[in-house]
Structures are given as C-alpha cells and as structure tokens.
Amino acid sequence: MRSILVIRVQPIPAGSSEAIPLTPEKLLGAVGYHVQVSDSEDEVMKLAREVDASILHLSLADVAYWVKRLVEEKSDTPLLWWCAPDTASSSAHDCEVDTSFDGIITPSMAGPEIHWTLHFAARRYMERKQWDQERKQLQSRLEDRKWIDMAKAILCDLKQISESEAYDLLRKKAMDERKRMVDVATAIVKAHQLLQS
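Mapping of the sequence shown onto full-length UniProt numbering: position 28 corresponds to residue 28, and the numbering continues sequentially without gaps.
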C-alpha cells in the first residue's frame with residue numbers, strides 16, 4: 001500500500017496566521033507514502049479508484065455522506081478516519097456513527113505505527129468484503145428457500161402429497177429440465193399466482 005487519498009471537505013486555508021496543524025498528507029508523506037488530497041466530489045470519485053486506501057479528514061457528521069458516495073461509485077479500497085483535534089472535537093455528538101471504518105490514523109502516530117495501521121486496515125477491509133459477500137450469499141439462499149417452500153406448499157395442496165414428496169417432485173422436475181431447483185419453484189409459484197388472479 002503506497003498511494004493514499006485524503007478526502008477533506010474544507011481545505012486548510014493558505015497563509016493562516018495560526019500554526020498549521022499536522023495533516024494526514026504531511027504525516028503520511030513524511031513516512032514515504034504518495035498522498036493525493038481532494039475536496040472536490042468529482043475528483044475524489046476519480047481518484048478513489050486509483051489509490052490503495054482513502055483517509056477521511058472530516059468530522060463524523062460528514063463521513064456518512066462520503067462513505068455512501070464511495071460505495072455507490074464502487075470504490076474498492078480500505079477506508080480510514082483521521083482522528084485529530086479538528087475532526088474529533090466536531091464529532092462528539094456523532095460518535096455512534098453507522099459507518100464501518102477499517103482503521104483510524106492519529107497525528108501522534110510514528111512511521112511504524114502508520115505502516116501497521118494501514119496493514120491491519122487492509123486486512124480488516126478484506127475481512128469486511130468477505131463478510132459482505134457471505135451475507136449476500138446467505139440472503140440469496142434464504143430467498144431461494146422461500147421460493148422452494150412456497151412451491152412445495154402449492155404442490156402439497158394441489159396434488160395432495162406430503163412435503164417430502166413435493167420436494168422430491170421439485171428436485172426431479174429440476175433435473176429433468178436441467179434447471180436450478182429455485183428456478184422451477186419460482187415458475188410454479190408465479191404460474192399458480194397467475195391462475196389465482
């Protein structure tokens with residue numbers, strides 16, 4: 001992981017009389033990462049596909065919007081939050097955010113801590129993607145099971161057979177037609193619904 005995108009809504013004003021706070025790009029650049037910074041939504045969406053990770057230098061109130069946008073654009077990289085005095089103080093009332101981060105970076109981190117944080121964020125990201133994929137598979141299986149159960153009920157009612165006989169009938173029809181069992185079940189349910197209406 002070498003290329004990082006920092007997303008910031010409010011650019012740090014140039015020529016500010018106050019001491020310029022440590023920013024993620026300064027910290028990451030100092031330890032060898034290539035960092036790009038953007039506050040433009042169009043530019044962020046373009047860059048998010050090209051980098052290895054994204055860091056949100058935002059208050060938690062702004063995070064939900066950007067995470068949603070990144071997911072919509074299918075940005076497929078680990079997501080970290082820059083937890084610094086400027087972002088943390090404006091986030092006190094939003095600490096129960098529903099967004100899943102893969103890691104947090106703070107200004108007090110040293111080079112090895114940053115490297116390990118990014119390494120663990122990448123692992124956490126891969127686990128999160130795997131869990132999401134497994135969840136979708138389980139939801140698909142539950143949906144398939146629903147269609148099969150409805151078709152079994154219809155067959156039991158129409159043919160006056162037991163549930164196991166209805167299941168065997170569905171399985172045999174699926175094998176004979178070289179279709180998935182759920183496709184046969186769906187066709188039976190939809191045909192029955194059409195005949196009922």
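Yeah, the Cβ is synthetic: ideal placement off N, Cα and C, and Gly gets one too. In this text, all values refer to a predicted model and were calculated from it rather than measured experimentally.
query, result
"T77 to I148 span [Cα, whole Å]", "37 Å"
"Euclidean distance between Cα positions of residue 206 and L142", "Absent from the structure is residue 206, since the part of the chain shown begins at 1 and ends at 197."
"Collapsed DSSP secondary structure at S54 in the structure displayed", "strand"
"N- and C-terminal bounds of the alpha helix (DSSP H) containing L22", "Unbroken run through L22: none, as it is neither H nor E."
"Span of the beta strand (DSSP E) around D36", "According to the sequence provided, residue 36 is Gln. The question's Asp does not apply to it. Counting along the chain, the beta strand (DSSP E) containing Q36 begins and ends at 34-38."
"Which listed residue (L28, P21, V9, R8) has its alpha carbon closest to that of E2", "Residue identity check: residue 2 is Arg in the sequence provided, not Glu. Measuring from the Cα of R2, the nearest candidate turns out to be L28."
"Neighbourhood of D132 by C-beta, 7 Å cutoff - its chain only, sequence neighbours within 5 removed", "none"
"Among M45, K46, P21, A53, nearest to V35 - alpha-carbon criterion", "A53"
"V6 in three-state terms, based on DSSP", "strand"
"Whole-angstrom distance between T106 and E113, CA atom to CA atom", "10 Å"
"Bounding residues of the beta strand (DSSP E) (the contiguous stretch that carries I105)", "103-105"
"Complete alpha helix (DSSP H) runs within the UniProt domain \"ANTAR\" (128-189) (minimum length 4 residues, chain order)", "163-177"
"Length of the line joining the Cα atoms of Q139 and E73", "23 Å"
"Nearest-angstrom Cα separation, counted from E25 out to S75", "20 Å"
"Cβ-Cβ separation, T117 to M109 (assumed contact under 8 Å), whole Å", "7 Å"
"Buried versus exposed call for A191 [16 or more other C-beta atoms within 10 Å across all chains shown]", "exposed"
"C-beta contact flag for R180 and A174 at 8 Å", "yes"
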